[in-house]
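Residue numbers for the sequence shown follow the working numbering, so the first one is 1333 and each next one is one higher. Beta carbons: idealized from backbone N, C-alpha and C, even for Gly. Bear in mind that the values here come from a model prediction, so they are computed numbers and not experimental data. Here is the structure we will look at, set down as structure tokens.
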Amino acid sequence: MHFDLAHAAVIIAALVITNMALKSAGVINEENKHQWNWKVVLAYFVVVVIINLVWPI
């Protein structure tokens, strides 16, 4: 059970860091932060897939 919680915590931290990186890169800004954006979805997907490849449950 503690491995599941650690895995979830790592994914949450990685997604928060990805979100901050996308904001600093200008992909997410105030005008479009509530709109659907394929670039954001793709970035989140890639981050989660890479973490799951490195650390499978």
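Original post:
Is W1368 helix, strand or coil by DSSP?
Top reply: coil
Original post:
So which of L1337, W1387, V1372, E1362 has the shortest CA-CA distance to A1353?
Top reply: V1372
Original post:
Relative to the alpha-carbon of V1378, which residue among F1335, H1366, I1343 has its alpha-carbon at the smallest distance?
Top reply: I1343
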